[in-house]
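Undergrad:
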Amino acid sequence: MNINTAKRWFSWHKWTSLICTVFLLLLCITGLPLIFHHEIEDIFSKVSMEDHHVNQKLSQDTLLKIAELSSPGRQVRFAFWDQEEHPDQVLFDLAEDPLAPFEESKYVLLHEYTGSVLGEPKNEGFMYWMYRLHTDVFLGIGGKLFMGLMGILFLISIISGIVLYGPIMRKYEFGMVRKHRAKRLKWLDTHNLLGIVMMTWLLVVGFTGVINTLSDVIVVLWQQGQLAEMTADYKDLPKVESTYASIDLAVQTAEEKLPEMETLLIAFPGTAFSSNHHYAVFMKGRSELTSRLLMPVLIDAATGEFTDARKMPWFVTALFISQPLHFGDYGGLPLKIIWTILDIASIIILITGVYLWYLRRKATLQFKSKTTTIHEKQAIE
Numbered sequence: 060m061n062i063n064t065a066k067r068w069f070s071w072h073k074w075t076s077l078i079c080t081v082f083l084l085l086l087c088i089t090g091l092p093l094i095f096h097h098e099i100e101d102i103f104s105k106v107s108m109e110d111h112h113v114n115q116k117l118s119q120d121t122l123l124k125i126a127e128l129s130s131p132g133r134q135v136r137f138a139f140w141d142q143e144e145h146p147d148q149v150l151f152d153l154a155e156d157p158l159a160p161f162e163e164s165k166y167v168l169l170h171e172y173t174g175s176v177l178g179e180p181k182n183e184g185f186m187y188w189m190y191r192l193h194t195d196v197f198l199g200i201g202g203k204l205f206m207g208l209m210g211i212l213f214l215i216s217i218i219s220g221i222v223l224y225g226p227i228m229r230k231y232e233f234g235m236v237r238k239h240r241a242k243r244l245k246w247l248d249t250h251n252l253l254g255i256v257m258m259t260w261l262l263v264v265g266f267t268g269v270i271n272t273l274s275d276v277i278v279v280l281w282q283q284g285q286l287a288e289m290t291a292d293y294k295d296l297p298k299v300e301s302t303y304a305s306i307d308l309a310v311q312t313a314e315e316k317l318p319e320m321e322t323l324l325i326a327f328p329g330t331a332f333s334s335n336h337h338y339a340v341f342m343k344g345r346s347e348l349t350s351r352l353l354m355p356v357l358i359d360a361a362t363g364e365f366t367d368a369r370k371m372p373w374f375v376t377a378l379f380i381s382q383p384l385h386f387g388d389y390g391g392l393p394l395k396i397i398w399t400i401l402d403i404a405s406i407i408i409l410i411t412g413v414y415l416w417y418l419r420r421k422a423t424l425q426f427k428s429k430t431t432t433i434h435e436k437q438a439i440e
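Counted the way this note's numbering counts, the sequence shown spans residues 60 to 440.
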């Protein structure tokens, strides 16, 4: 690599790193508790699980009525099950308008055997603040896209750092840290070593983070593409205004069509994830990998009959895979601990990068000051 090329790569590395460093520090710090969000939520959860002596679960239609009675003036938009994390529970999302933003939702958690209200989760608290700061800094889709831009700059800084590392270390042993030399050299070697050792992880987390910031865009593309195709025959039909078909029947129909999968979520008619005429029953696989991949099954909300079911497009699948991979949320506690160690190491890389820039800038200013002084003395003489 000639000197001019090296300077260009160094310039890319320096400026992309400096621009995104503050935001990446925010992401790394807020990301630490989010790695353990399941464990932290269990610790601080106020939900009290009660023993039940009923041998049969209540029907989902009964639970739906209980949820709606608990929140007069609101209607159920979504029903969510997570038998692995929260067995025998169903979470209902209620709002005054089916298309209202999620910030206006009220949540009711019910016991499937007794119908008792176990809790009313709210969009507040420590984990909610950490999540919003990490995803959109409380600025909605604009904040997400801005964080995505910072993620792209982060990826450029990693790639440029990799390109520069080879020529820099050509004359040295891999992993060298000059501990007994100047402080700047010691921190430079530490910064370079951590960066090159963690480059794969940094690229994976950075790339999946960028994909996650595009989640709203991806959902809109799915709505305007596949969902529109699946509901095309119902486009001009009026919204189902009379009593909906049983959601027990909708779940049963969906599970009969896809017996190797199980129900995770139901989107009710009129919401952004269904149509005015359908329940959208989102099914998930039963293995560790396929449990992250969803498949929508459309059920006619008037008759309870099957309409359509399709695999999600590749860009939606990429989003589903990116979400758990970004937080290390697919390999249990050991992987989460590894993710935490790597996250802390990333914070060290960012801080040392800023420190090295400060030392270099300080040395440059001192050199310019001395040069100016010498020139002034020469001019006087």
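Ideal placement from N, C-alpha and C gives every residue a C-beta, glycine not left out.
Would you identify the three-state DSSP class for methionine 228, choosing helix, strand or coil?
TA: The answer is coil: DSSP assigns methionine 228 none of H, G, I, E or B.
Undergrad: Which residues in the same chain as isoleucine 452 place their Cβ atom closer than 6 Å to its Cβ, once the five residues preceding and following it in sequence are excluded?
TA: Residue 452 cannot be examined here, being either before or after the span of the chain that is shown, 60 to 440.
Undergrad: When DSSP labels each residue in this structure, what does lysine 203 get in the three-state scheme?
TA: Looking at lysine 203 - three-state DSSP - the assignment turns out to be helix.
Undergrad: What did DSSP end up calling lysine 294 once you bin it into helix, strand or coil?
TA: If DSSP states are grouped into helix, strand and coil, lysine 294 belongs with coil.
Undergrad: Pick helix, strand or coil for lysine 73, following the three-state DSSP scheme.
TA: If DSSP states are grouped into helix, strand and coil, lysine 73 belongs with the helices.
Undergrad: Give the single residue among Ala377, Leu93 and Glu319 whose Cα lies nearest to the Cα of tyrosine 187.
TA: With distances taken between Cα atoms, tyrosine 187 lies closest to Leu93.
Undergrad: According to DSSP, what are the bridge partners of isoleucine 325?
TA: According to DSSP, which records beta bridges pairwise, isoleucine 325 is partnered with Ala138 and Val340.
Undergrad: Going by DSSP, which residues form a beta bridge with valine 176?
TA: In DSSP, valine 176 forms a bridge with Leu169.
Undergrad: Taking the C-alpha atoms as reference points, what is the distance between threonine 411 and glutamate 127?
TA: Roughly 54 Å between the two C-alpha positions.
Undergrad: Taking 8 Å as the cut-off, decide whether the C-beta atoms of leucine 378 and isoleucine 270 are in contact.
TA: Against a cut-off of 8 Å, the Cβ pair of isoleucine 270 and leucine 378 comes out as a contact.
Undergrad: Do you know offhand how far aspartate 388's Cα is from lysine 395's?
TA: Rounded to the nearest angstrom, the two C-alpha atoms are 7 Å apart.
Undergrad: Would you tell me roughly how many angstroms separate the C-alpha atoms of leucine 247 and leucine 418, rounded to the nearest one?
TA: Whole-angstrom Cα-Cα distance: 11 Å.
Undergrad: Is it the case that the Cβ atoms of lysine 116 and tyrosine 172 are separated by a distance below 8 Å?
TA: For lysine 116 and tyrosine 172, yes; Cβs fall inside 8 Å.
Undergrad: Does the Cβ-Cβ distance between valine 236 and leucine 252 come in under 8 Å?
TA: Yes.
Undergrad: For valine 236, which three-state DSSP category applies?
TA: In the structure shown, valine 236 sits in coil (DSSP, three-state: anything other than H, G, I, E or B).
Undergrad: Whose CA, out of Met60, Asp359, Leu83 and Met206, lies closest to the CA of glycine 329?
TA: Considering only alpha carbons, the answer is Asp359.
Undergrad: Nearest-angstrom Cα distance between serine 405 and tryptophan 373?
TA: Cα to Cα, serine 405 sits roughly 30 Å from tryptophan 373.
Undergrad: Could you check where the alpha helix (DSSP H) with glutamine 382 kicks off and where it finishes?
TA: Taken as a continuous stretch (DSSP letters only), the alpha helix (DSSP H) holding glutamine 382 covers 373 to 386.
Undergrad: Secondary structure at threonine 366, three-state DSSP: helix, strand or coil?
TA: Here threonine 366 sits in strand by DSSP.
Undergrad: Is the beta carbon of histidine 72 closer than 8 Å to that of glycine 220?
TA: Yes, Cβ-Cβ distance for glycine 220 and histidine 72 is below 8 Å.
Undergrad: Cα separation between histidine 170 and valine 149?
TA: In a straight line, the C-alpha of histidine 170 is about 7 Å away from that of valine 149.
Undergrad: For alanine 29, tell me which candidate among Phe341, Thr64 and Leu392 has the shortest Cα-Cα distance.
TA: There is simply no residue 29 to check, as the chain begins at 60 and stops at 440 in what is shown.
Undergrad: By DSSP, does phenylalanine 332 sit in helix, in strand, or in coil?
TA: Phenylalanine 332 falls in the coil class under three-state DSSP.
Undergrad: So, helix, strand or coil for glutamine 529, using DSSP?
TA: Shown here, the chain extends from 60 to 440; a query on residue 529 therefore has no answer.
Undergrad: Based on DSSP bridge pairs, tell me the residues matched to leucine 150.
TA: Leucine 150 pairs with Phe139 and Leu168.
Undergrad: Within a Cβ cutoff of 7 Å, which residues of the same chain sit near valine 264, ignoring the five residues on either side of it in sequence?
TA: Around valine 264: His385.
Undergrad: Tell whether a beta-carbon distance below 8 Å holds between leucine 324 and methionine 354.
TA: No. Outside cutoff.
Undergrad: Look up leucine 317 in the DSSP assignment and say whether it is helix, strand or coil.
TA: In the structure shown, leucine 317 sits in coil (DSSP, three-state: anything other than H, G, I, E or B).
Undergrad: Give the straight-line distance between the Cα atoms of aspartate 292 and leucine 158, rounded to the nearest whole angstrom.
TA: One C-alpha to the other measures close to 22 Å.
Undergrad: Round the Cβ separation of leucine 83 and aspartate 402 to the nearest angstrom and send it over; I've been treating them as touching at under 8 Å.
TA: Not a contact, Cβ separation roughly 11 Å.
Undergrad: Around the C-beta of valine 461, are 16 or more other C-beta atoms found within 10 angstroms, so that it is buried, or is it exposed?
TA: Outside the displayed range of the chain (60 to 440) lies residue 461, so it cannot be described from this structure.
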